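S.K.: Protein chains in written order, with the numbering used here: chain F, 3 to 236; chain R, 3 to 236.
Think of the CB as a built atom: it goes at the ideal place given N, C-alpha and C, for glycine as much as any other residue.
Since this is a predicted model, take the numbers as computed values, not measurements.
Protein chains: 2
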Amino acid sequence: MVTKEHISSKFDAELEDIRNSLMQMGGLVEKQLSFVVEALAKGDADLAEEIVDTEESIDRMEMAIDEQCMRIIARRQPTAGDLRLVISISKTVAELEAIGDDCKRIGYALKDIIDKGYDKSMLLPARHLGNSTKTMVKRSLDNMARLDADAALSVLRSGDDIDTEYEALMRQLVTFMMEDSRSVPKVLDAIWIARSFERIASRAFNMSHHCIFLVAGKDLRHRSIDDVEAAISD
Amino acid sequence: MVTKEHISSKFDAELEDIRNSLMQMGGLVEKQLSFVVEALAKGDADLAEEIVDTEESIDRMEMAIDEQCMRIIARRQPTAGDLRLVISISKTVAELEAIGDDCKRIGYALKDIIDKGYDKSMLLPARHLGNSTKTMVKRSLDNMARLDADAALSVLRSGDDIDTEYEALMRQLVTFMMEDSRSVPKVLDAIWIARSFERIASRAFNMSHHCIFLVAGKDLRHRSIDDVEAAISD
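#1: Using CA atoms only, rank isn't needed, just tell me which of F:E51, F:A196, F:H211 is closest to R225 (chain F).
#2: Go through its chain and collect everything with a Cβ distance to R107 (chain F)'s Cβ below 6 Å, but skip five positions before and after it.
#3: Where does D144 (chain F) sit, in a helix, a strand or coil, going by DSSP?
#4: Does the separation of the CB atoms of S134 (chain R) and I164 (chain R) fall below 8 Å?
#5: Is M3 (chain F) helix, strand or coil by DSSP?
#6: Tell me the rounded alpha-carbon separation between A111 (chain F) and G83 (chain F).
#7: Compare the Cα-Cα distances from T94 (chain R) to each of R:R141, R:D229, R:M146 and report the closest residue.
#8: Which bits of chain R does S183 (chain F) rub up against, with CB to CB less than 9 Å?
#9: Under a CB-based cut-off of 8 Å, is I74 (chain F) close to chain R?
#10: Taking the alpha carbon of F207 (chain R) as the point to measure from, which residue in R:R184, R:V176, R:L155, R:L131 has its own alpha carbon closest?
#11: Please confirm if I89 (chain R) has its CB atom under 8 Å from at least one CB of chain F.
#12: Looking only at C-alpha atoms, which of R:V88, R:G45, R:G29 sits nearest to Q70 (chain R)?
#13: Would DSSP call D121 (chain R) helix, strand or coil?
#14: Mind checking if M209 (chain F) is an interface residue toward chain R, Cβ cutoff 8 Å exclusive?
#15: Thinking C-alpha only, which one of R:D152, R:M124, R:D55 is nearest S235 (chain R)?
#16: Using a 10 Å radius around the Cβ and a threshold of 16 neighbouring Cβ atoms, would you call S10 (chain F) buried or exposed?
#17: Leaving out five residues on either side along the sequence, give the residues of the same chain with a beta carbon under 8 Å from the beta carbon of S36 (chain R).
#18: Can you find the residues in the same chain that come closer than 7 Å, C-beta to C-beta, to P80 (chain R), ignoring five residues on each side of it along the sequence?
#19: Report the rounded CA-to-CA distance for E7 (chain R) versus R78 (chain R), giving the unit in angstroms.
#20: In or out: R86 (chain F) buried (at least 16 other Cβ within 10 Å) or exposed?
#21: Verify whether the separation of the beta carbon atoms of S123 (chain F) and M138 (chain F) is less than 8 Å.
#22: Check whether the Cβ atoms of L190 (chain F) and V176 (chain R) lie closer than 8 Å to each other.
#23: By alpha-carbon positions, which one of F:A43, F:E64, F:D46 ends up nearest to L30 (chain F)?
#24: By the criterion of Cβ-Cβ separation under 7 Å, what are the contact partners of R223 (chain R) in chain F?
#25: Excluding the 5 residues flanking M3 (chain R) on each side, which residues of the same chain have their C-beta closer than 6 Å to its C-beta?
#26: For G132 (chain R), does the count of other Cβ atoms within 10 angstroms reach 16, so buried, or fall short, so exposed?
#27: How big is the Cα-Cα spacing for A196 (chain R) and T56 (chain R)?
#28: Report all residues from its chain with a CB closer than 6 Å to the CB of C105 (chain F); omit the five preceding and five following residues, and keep chain order.
#29: When the Cα of M209 (chain F) is compared with those of F:D162, F:S142, F:A192, which residue comes out closest?
#30: CB K220 (chain F) to CB A233 (chain F), shorter than 8 Å?
#31: For P127 (chain R), which three-state DSSP category applies?
#32: Taking only beta-carbon positions, decide if D114 (chain R) is within less than 8 Å of chain F.
#33: Measure the alpha-carbon distance for N22 (chain F) versus K12 (chain F) and round it to whole angstroms.
#34: Report the CB separation of E97 (chain R) from R201 (chain R) in whole angstroms; it is logged as a contact under 8 Å.
#35: Is there a Cβ of chain R sitting closer than 8 Å to that of D68 (chain F), yes or no?
#36: List, in chain order, every chain F residue whose beta-carbon is nearer than 7 Å to that of T81 (chain R).
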């Protein structure tokens, strides 16, 4: 942990508690992402439904952790590293909640595709993007758990690969639509799925910034990756 | 103001400062939205470029306000209403920053459309959605300034109208694509614009929740509108 031990061991326990809650919530979001990729691979409407239903639990976890964070700030009046920990956790749960929303959107879009006639090959590239995105989210959560700013930096660097994969996928889907106009509604669902993955990746990107802020004590959002690297190796 | 006067008049001044900074940032975001609607109406590539360029200022404002909020928490150790004010402001600037990002995305999409051949009539419904969205953002900011939870509730209620407008617009754009497959790339840009407006509206929705949390002291996200109404009239 970044934080030193406190005179109040109860305060230490509270900080440990919100870290554990964050990791539990992160675990659920990772599971959602695995289900999303699996449901896309199998055209599984029941699993898509389950993904949609699980979003509520993620929302509840966000609100509970957020309240814990507020309570710690009000009662314990943390400063320096402790305050950064609480603030980073609060921001990270907001990103996780947004990823939960996007998983739900993908669940709906997949259900729609299944209604219109599931097409495994059309969804294959989106599934690949889903796998890359899932890995990015997993790495971001691991870095937060291990307080590893260097690894968070390498997640930031991987953003470009996701962008490249996303752009190629979009070009392919646009071609499908232009070649067969009847495919438009179905391909559009695949486009929403791709777009949701791209947004999930950008959430993982943000989470990596929250991790860097926590560990290095610097808010380096909106800076070039090289600037971030220079700043954290200071 | 929700907060009483403090023994330290410097603390009062600091709270007033972050409220003013928030409103200044809100003003800039509103201006961006006006420019977005105007650029869509005129097919104005220079204005689209300006929108893209202005996003950096919005990012900088977010980071500056966020830092002010952290500093107040660390030095002043606010509790109750003061803490809610600081937290709500920090969350609201994150929404405003995201709206800034979406304006930038719209700027890029419009530039793309102009490159492919500007089509005023194709963009007309998206412009209407843009106007509705702009109004929703403006109302959310006004409510935050006036600490008006009831008016924030009515913004939440207006979310359904935006959804209806968005759905109708999407159906229309899908029809365009199916009727003329050559139009697909251009219509897809219009779809991104519509989607961005829908996301901006959902940011205004979130801002209204932050306002309700600040004024009524209750986190009522993810609850039905009727539940929210019952809770704030308690």
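M.R.: Taking the definition as stated:
#1: Your numbering for residue 225 (chain F) matches position 223 in the first sequence. Per the Cα distances, F:H211.
#2: Your numbering for residue 107 (chain F) matches position 105 in the first sequence. Excluding its 5 nearest sequence neighbours in each direction, R107 (chain F) has C-beta neighbours in its own chain below 6 Å: S198, listed in chain order.
#3: As a position in the first sequence, residue 144 (chain F) is number 142, starting the count at 1. D144 (chain F): helix per DSSP, three-state reduction.
#4: Position 132 of the second sequence, counted from the start, is the residue given in the question as residue 134 (chain R). Position 162 of the second sequence, counted from the start, is the residue given in the question as residue 164 (chain R). Yes; because the gap between Cβ atoms is below 8 Å, this pair is in contact.
#5: For this step, residue 3 (chain F) is matched to residue 1 along the first sequence. Annotation note: pLDDT 47 at M3 (chain F) (below 50); position unreliable, coordinate value reported separately. If DSSP states are grouped into helix, strand and coil, M3 (chain F) belongs with coil.
#6: For this step, residue 111 (chain F) is matched to residue 109 along the first sequence. For this step, residue 83 (chain F) is matched to residue 81 along the first sequence. Distance between the alpha carbons of A111 (chain F) and G83 (chain F) is about 42 Å.
#7: Against the second sequence, residue 94 (chain R) aligns to sequence position 92. Of the candidates R:R141, R:D229, R:M146, R:M146 places its Cα closest to the Cα of T94 (chain R).
#8: As a working mapping, residue 183 (chain F) is identified with position 181 in the first sequence. Simply M179, M180, E181, D182, S183, V186.
#9: On the first sequence, position 72 is the one that residue 74 (chain F) refers to. No, I74 (chain F) lies away from the interface with chain R (no Cβ there is under 8 Å from its Cβ).
#10: Here residue 207 (chain R) is taken as the residue at index 205 of the second sequence, counted from 1. Here the closest residue by C-alpha is R:L155.
#11: Along the second sequence, read from residue 1 onward, the residue named residue 89 (chain R) stands at position 87. With 8 Å as the cut-off, I89 (chain R) counts as an interface residue toward chain F.
#12: As a working note, residue 70 (chain R) is residue 68 in the second sequence. Cα-wise, what sits closest to Q70 (chain R) is R:V88.
#13: Counted from its first residue, the second sequence places residue 121 (chain R) at position 119. Coil at D121 (chain R), not helix or strand.
#14: Residue 209 (chain F) sits at position 207 when you count from the first residue of the first sequence. No - not a single Cβ of chain R is within 8 Å of the one on M209 (chain F).
#15: As a working mapping, residue 235 (chain R) is identified with position 233 in the second sequence. The shortest C-alpha separation from S235 (chain R) is found at R:D152.
#16: In the first sequence, counting from the first residue as 1, residue 10 (chain F) sits at position 8. Result: exposed.
#17: Taking the first residue of the second sequence as position 1, residue 36 (chain R) is located at position 34. Hits under 8 Å: K136.
#18: For the purposes of this step, residue 80 (chain R) is identified with residue 78 of the second sequence, where counting begins at 1. The residues are I74, V88.
#19: Locating residue 7 (chain R) in the second sequence gives position 5, where the first residue counts as 1. Locating residue 78 (chain R) in the second sequence gives position 76, where the first residue counts as 1. Distance between the alpha carbons of E7 (chain R) and R78 (chain R) is about 14 Å.
#20: Taking the first residue of the first sequence as 1, we reach residue 86 (chain F) at position 84. By the neighbour-count rule (16 or more Cβ atoms within 10 Å), R86 (chain F) is buried.
#21: Within the first sequence, the letter at position 121 stands for residue 123 (chain F). Within the first sequence, the letter at position 136 stands for residue 138 (chain F). No, Cβ-Cβ distance for S123 (chain F) and M138 (chain F) is not below 8 Å.
#22: Along the first sequence, one-based indexing puts residue 190 (chain F) at 188. Along the second sequence, one-based indexing puts residue 176 (chain R) at 174. Between L190 (chain F) and V176 (chain R), the C-beta gap is smaller than 8 Å, which places the two residues in contact.
#23: Here residue 30 (chain F) refers to the residue found at position 28 when the first sequence is read from its first residue. With distances taken between Cα atoms, L30 (chain F) lies closest to F:E64.
#24: In the second sequence, counting from the first residue as 1, residue 223 (chain R) sits at position 221. By Cβ distance, chain F contributes M65.
#25: The count along the second sequence starts at 1 and reaches residue 3 (chain R) at position 1. For M3 (chain R), the predicted model reports a pLDDT of 47, less than 50, meaning its position is unreliable; a value from the coordinates is still stated below. Cβ within range, chain order: n/a, list empty.
#26: Taking the second sequence and counting its residues from 1, the one referred to as residue 132 (chain R) is at position 130. G132 (chain R) comes out buried.
#27: Against the second sequence, residue 196 (chain R) aligns to sequence position 194. Against the second sequence, residue 56 (chain R) aligns to sequence position 54. So the two alpha carbons sit approximately 21 Å from each other.
#28: Looking up residue 105 (chain F) in the first sequence gives position 103. Here the set comprises Q34, V38, I53.
#29: As a first step, residue 209 (chain F) must be located in the first sequence, where it is residue number 207. Measuring from the Cα of M209 (chain F), the nearest candidate turns out to be F:S142.
#30: Stepping through the first sequence from its first residue, residue 220 (chain F) is reached at position 218. Stepping through the first sequence from its first residue, residue 233 (chain F) is reached at position 231. Yes, they are a contact pair.
#31: To locate residue 127 (chain R), count along the second sequence from 1; it is residue 125. Looking at P127 (chain R) - three-state DSSP - the assignment turns out to be helix.
#32: Translated into the one-based positions of the second sequence, residue 114 (chain R) becomes position 112. Not closer than 8 Å to any Cβ of chain F, the Cβ of D114 (chain R) fails to qualify, so no.
#33: Locating residue 22 (chain F) in the first sequence gives position 20, where the first residue counts as 1. Locating residue 12 (chain F) in the first sequence gives position 10, where the first residue counts as 1. Answer to the nearest angstrom: the Cα atoms are 15 Å apart.
#34: For this step, residue 97 (chain R) is matched to residue 95 along the second sequence. For this step, residue 201 (chain R) is matched to residue 199 along the second sequence. Not really, about 11 Å apart at Cβ, beyond 8 Å.
#35: In the first sequence, residue 68 (chain F) corresponds to position 66, counting from 1. Yes, because at least one Cβ of chain R sits closer than 8 Å to the Cβ of D68 (chain F).
#36: Taking the second sequence and counting its residues from 1, one reaches residue 81 (chain R) at position 79. Per Cβ cutoff of 7 Å: A76.
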